[in-house]
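See structure below.
Number of protein chains: 2
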Amino acid sequence: MDQFEVKVFIRLRPSVLDPAGEAIKSASSKLGVAGIKSLRIGKLIEVKIESNEEDIKEKIELLCDRLFANTVIEDYEYSINKL
Amino acid sequence: MDQFEVKVFIRLRPSVLDPAGEAIKSASSKLGVAGIKSLRIGKLIEVKIESNEEDIKEKIELLCDRLFANTVIEDYEYSINKL
Chain A
1 MDQFEVKVFI RLRPSVLDPA GEAIKSASSK LGVAGIKSLR IGKLIEVKIE SNEEDIKEKI
61 ELLCDRLFAN TVIEDYEYSI NKL
Chain B
84 MDQFEVKVFI RLRPSVLDPA GEAIKSASSK LGVAGIKSLR IGKLIEVKIE SNEEDIKEKI
144 ELLCDRLFAN TVIEDYEYSI NKL
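Sequence lines, in order, name chains A and B. Take the first sequence: its letter number 60 is residue 60 in my numbering, and every next letter is one higher. Throughout, my numbering is defined as the position within the second sequence, counted from one, plus 83.
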C-alpha cells in the first residue's frame, strides 16, 4: 500500500453558464481591475488516499465520475502524486 | 498589453472544518473506495485577463484578497501564464 496525493480539478463545461463567475467578474471591474476577458469558478478537491499503485487510477476515476463531478455539466481532470 | 491566464487555488485553512468534504469522504467509503485519509474541497478560479506585465501580479493579489478568497478562513495560491 502506498500513499497518494490526488488533486481533482472540476470545471463547468464551456457551454454551461456560470452566474457566480459573472458576478465576480463584474465586481472585479468595480474594484478597479479592468481587462478581465473571462472568469470561471470550478472546484478543487484534494484527497490523500492509501491504495495499491495498480488500483489508484481506477479508484479516482470512479470517485470523479460518481461523486465529485456532475458529468452532465462538469468536466474533470486530475493529477496523482505518489508520496 | 498582454494576455494572461491565471489559475487561483483557494483552500480552507487547515484549522477550518470542511463538512462537505467529510460528507464526500464518507460517501466514498460507501461507494467501496476505502483508504481515504483526508479530503478537502476548495475552489479553482480561472481568469483570462489583459494587462501590462508589470501590473498583473498586483492585480491578482488584489482580486484574491478582496474578492476571491475569504482570508479569515481561506488561503490562496495562484499561477500566472502569459499567453
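By construction, the Cβ of each residue, glycine as well, lies at the ideal position given by its N, Cα and C atoms.
Output the boundary residues of the alpha helix (DSSP H) element that contains residue i.
i: leucine 44 of chain A; result: Looking at the DSSP string, leucine 44 of chain A is not in any alpha helix (DSSP H); the run it does join, the beta strand (DSSP E), is 36 to 51.
i: leucine 145 of chain B; result: 139 to 146
i: alanine 27 of chain A; result: 19 to 30
With 16 other CB atoms within 10 Å as the buried threshold, where does residue i fall?
i: alanine 23 of chain A; result: exposed
i: arginine 123 of chain B; result: buried
i: valine 72 of chain A; result: exposed
i: alanine 117 of chain B; result: exposed
i: lysine 142 of chain B; result: buried
Given residue i, which residues of its chain have a CB within under 6 Å of its CB, disregarding the five upstream and five downstream residues?
i: valine 47 of chain A; result: Val6
i: glutamate 133 of chain B; result: Met84, Gln86
i: glutamate 77 of chain A; result: Phe9
i: serine 162 of chain B; result: Lys90
i: alanine 69 of chain A; result: Ile10, Tyr76
I think residue i touches residue j, with their Cβ atoms under 8 Å apart; what is that distance to the nearest whole Å?
i: leucine 67 of chain A; j: leucine 100 of chain B; result: Not a contact, Cβ separation roughly 20 Å.
i: isoleucine 128 of chain B; j: valine 91 of chain B; result: 4 Å
i: serine 28 of chain A; j: leucine 166 of chain B; result: The Cβ separation is near 19 Å, so there is no contact.
At which residues does the beta strand (DSSP E) containing residue i begin and terminate?
i: glutamate 160 of chain B; result: 157 to 165
i: phenylalanine 9 of chain A; result: 2 to 12
Give every residue of the same chain whose Cβ lies closer than 7 Å to the Cβ of residue i, excluding the five residues on either side of it in the sequence, and list them in chain order.
i: glycine 104 of chain B; result: Leu122, Arg123, Ile124
i: arginine 11 of chain A; result: Arg40, Gly42, Glu74, Asp75
i: aspartate 148 of chain B; result: Thr154
i: arginine 13 of chain A; result: Ile73, Glu74, Asp75
Only counting the same chain, and skipping five residues up and downstream in sequence, which positions put a Cβ closer than 8 Å to that of residue i?
i: lysine 25 of chain A; result: Ile36, Ser38, Leu39
i: asparagine 52 of chain A; result: Met1, Asp2
Residues of the segment 53 to 80 of chain A in Cβ contact with chain C at a cutoff of 8 Å, in chain order, please.
Of the protein chains in the structure, A and B, none is chain C.
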